[in-house]
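If you read the sequence shown in our numbering, its first letter stands for residue 453, the second for the next number, and so on. Think of the CB as a built atom: it goes at the ideal place given N, C-alpha and C, for glycine as much as any other residue. Just so we're clear, the structure is a prediction, and the values are computed from it rather than from any experiment.
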Amino acid sequence: MTIESMLALDKSDLQAVAQTALPAEDIPQLVDLLSVKDDEIRYRAFLLLQGRAAATSDVYPYWQIFQDKLKSKNSYQRSLGLMLMAENAKWDAANKLDAALDDYLALMQDEKPITVRQCIQSLGKIVPHKPQLSETIAAALMALDLMAIKETMRKSVLLDILRALLVIRQSFRSDEIESYIQRALSGGILDKKAIKQIEALF
């Protein structure tokens, strides 16, 4: 696949292309394109890799590249790294994520609110494939200081945390998780609509 042919694809078709029509030999080039400055090229390469990883394990060999991005000075690169690691967690038989978890969870304290949210949302994807990490991830989610987050973002971040905790709760339950959820629902950060959204997920 050339850059031109990639740009010619409709974004809504990228996942299907990644899973059915993308030659495996194109994957190294797509990984390289994650580092280009052009936002459109970079984002489409990401979507193709994300779609491919959802279906097959042939993006997993590039795990270390994604992990290295967690410490990038560029927030967009940090986000790409964490999201592609989450997508490849299902293929992580070597348990590389276990060793990288501290660096991963550190992004919940990222300076960019969007990266914080993407990190928390991605944890919900990881837990079903890494149940052994559930307790550690839950503790990190519940320890996040919401008051340190910009007020306009608090509700969104809390909703992300609750959705991730509800995924964790399917395989790991604790009194701490139950208490956190109940406090969150009655704590005043969430409005009635948000509370109903969470209650519907129980």
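Report yes or no: do three or more beta-carbon pairs, one from the stretch 550-561 and one from the stretch 570-586, lie closer than 8 Å?
With the cut-off at 8 Å, the stretch 550-561 and the stretch 570-586 touch.
Should residue 540 go down as buried or exposed, given a rule of 16 or more other Cβ atoms within 10 Å for buried?
Taking the sequence shown and counting its residues from 1, one reaches residue 540 at position 88. That one is buried.
Going by the CB atoms, is the gap between residue 503 and residue 470 shorter than 7 Å?
If you number the sequence shown from 1, residue 470 lands on position 18. If you number the sequence shown from 1, residue 503 lands on position 51. For residue 470 and residue 503, yes; Cβs fall inside 7 Å.
Would you say the stretch 544-554 touches the stretch 487-496, given that touching needs at least three Cβ pairs under 8 Å?
no
Could you tell me if residue 525 is buried or exposed, where buried requires 16 or more neighbouring beta carbons within 10 angstroms of its beta carbon?
Counted from its first residue, the sequence shown places residue 525 at position 73. Exposed, by the Cβ-count rule.
Where in the stretch 459-516 do unbroken runs of the beta strand (DSSP E), each at least 3 residues long, occur, reported from the N-terminal end onward?
Whole beta strand (DSSP E) segments, 3+ residues: zero.
Quick check: residue 466 and residue 522, are their CB atoms within less than 7 Å of each other?
For the purposes of this step, residue 466 is identified with residue 14 of the sequence shown, where counting begins at 1. For the purposes of this step, residue 522 is identified with residue 70 of the sequence shown, where counting begins at 1. Going by C-beta atoms, residue 466 is not nearer than 7 Å to residue 522.
Which runs of the alpha helix (DSSP H) spanning at least 4 residues fall entirely within the stretch 546-626, listed in chain order?
Correct list: 548-558, 565-578, 586-595, 603-621.
Following the continuous alpha helix (DSSP H) through residue 532, name the residue where it begins and the one where it ends.
Taking the first residue of the sequence shown as position 1, residue 532 is located at position 80. Taken as a continuous stretch (DSSP letters only), the alpha helix (DSSP H) holding residue 532 covers 527-540.
Nearest to residue 566 by CA position, among 478, 594, 612, is which residue?
By one-based count along the sequence shown, residue 566 stands at place 114. Measuring from the Cα of residue 566, the nearest candidate turns out to be 612.
I'd like the list of long-range same chain contacts for residue 478, defined as Cβ closer than 6 Å, with 5 residues on each side in sequence excluded.
Reading the sequence shown from its first residue, position 26 is the one you call residue 478. Here the set comprises 453.
Just mark residue 591 as buried or exposed, buried being the case when its beta carbon has 16 or more other beta carbons within 10 Å.
Sequence index remark: in the sequence shown, residue 591 carries index 139 (1-based). That one is exposed.
For a test of the three-state rule: what should DSSP assign to residue 637, helix, strand or coil?
Residue numbering aside, residue 637 sits at position 185 when the sequence shown is read from its first letter. Of the three classes helix, strand and coil, the one that applies to residue 637 here is helix, per DSSP.
In this structure, does DSSP put residue 654 in helix, strand or coil?
As a working mapping, residue 654 is identified with position 202 in the sequence shown. Of the three classes helix, strand and coil, the one that applies to residue 654 here is coil, per DSSP.
Which value, in whole angstroms, describes the spacing of the CA atoms of residue 480 and residue 491?
If you number the sequence shown from 1, residue 480 lands on position 28. If you number the sequence shown from 1, residue 491 lands on position 39. C-alpha separation (whole angstroms): 18 Å.
Between residue 517 and residue 536, what straight-line distance do the alpha-carbon atoms span, to the nearest angstrom?
Looking up residue 517 in the sequence shown gives position 65. Looking up residue 536 in the sequence shown gives position 84. In a straight line, the C-alpha of residue 517 is about 10 Å away from that of residue 536.
If we define contact as Cβ-Cβ less than 7 Å, is residue 453 a contact residue for chain C?
The structure shown contains no chain C; it holds only a single protein chain.
Anyone know if the C-beta pair for residue 552 and residue 519 falls short of 7 Å?
The residue labelled residue 552 in the question sits at position 100 within the sequence shown. The residue labelled residue 519 in the question sits at position 67 within the sequence shown. Yes, they are a contact pair.
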